[in-house]
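Below: one structure, written as structure tokens.
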């Protein structure tokens, strides 16, 4: 037999603490990925617009 008391919740509390920690880690990962996607959603159109403006400039400069 084991020497634990019948109302020992040590394993349960440990499991709850670990689950809460992993939940926090998961939410931080979700927030980080969402932030990176937001940055990419702004950066890609700005880059494409810069390419279009650069190409238009080259067309204007190259045309006599």
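In our numbering, the protein residues as written are 3 to 66. Cβ atoms here follow ideal geometry from the backbone N, Cα and C, with glycine treated the same way.
For residue 65, the three-state secondary structure derived from DSSP is coil.
Residue 40 and residue 31 have their C-alpha atoms spaced approximately 14 Å apart. When the Cα atoms are used, residue 33 and residue 54 turn out to be separated by approximately 32 Å. Looking at the backbone, the Cα of residue 18 and that of residue 36 are separated by about 27 Å.
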